[in-house]
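In the UniProt record's numbering, the protein residues as written are 1 to 76. Using N, Cα and C, we set each Cβ at its ideal position, and we do this for glycine too. Note that the structure is predicted; figures quoted are calculated from it, not measured.
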Amino acid sequence: MEYLPEVQQEFFLTNLLKASDYSVVVKAYNSAGSGPPSHELYVRTLDGDLPPSALPVRAGHVAHLCQPALEHEEDR
């Protein structure tokens, strides 16, 4: 996703499993390489029926590309 300062940008994490723990880290990339990773955010999905909306991740001050890394706790 390209960063445009005048446009609010979002990325949605989809197909998450019920009652599961996730670790979310966002890292920016541009022609000079990659930037530092964001602080790790730990989240747990709901145990019951899931709401129709996805987990929004908003791009902040990135130079070019925002690529979230999603790791399911069972894959660690």
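Option in the options with minimal Cα separation from residue i
i	options	result
residue 38	13, 25 and 12	25
Nearest-angstrom Cβ-Cβ length linking residue i and residue j, presumed shorter than 8 Å
i	j	result
residue 45	residue 20	5 Å
Own chain, CB closer than 6 Å to residue i, minus 5 neighbours either side, in chain order
i	result
residue 40	23 and 25
residue 33	none
Proximal residues to residue i (C-beta, below 8 Å), its chain only, five neighbours per side dropped
i	result
residue 18	45, 46, 47, 48 and 50
residue 5	none
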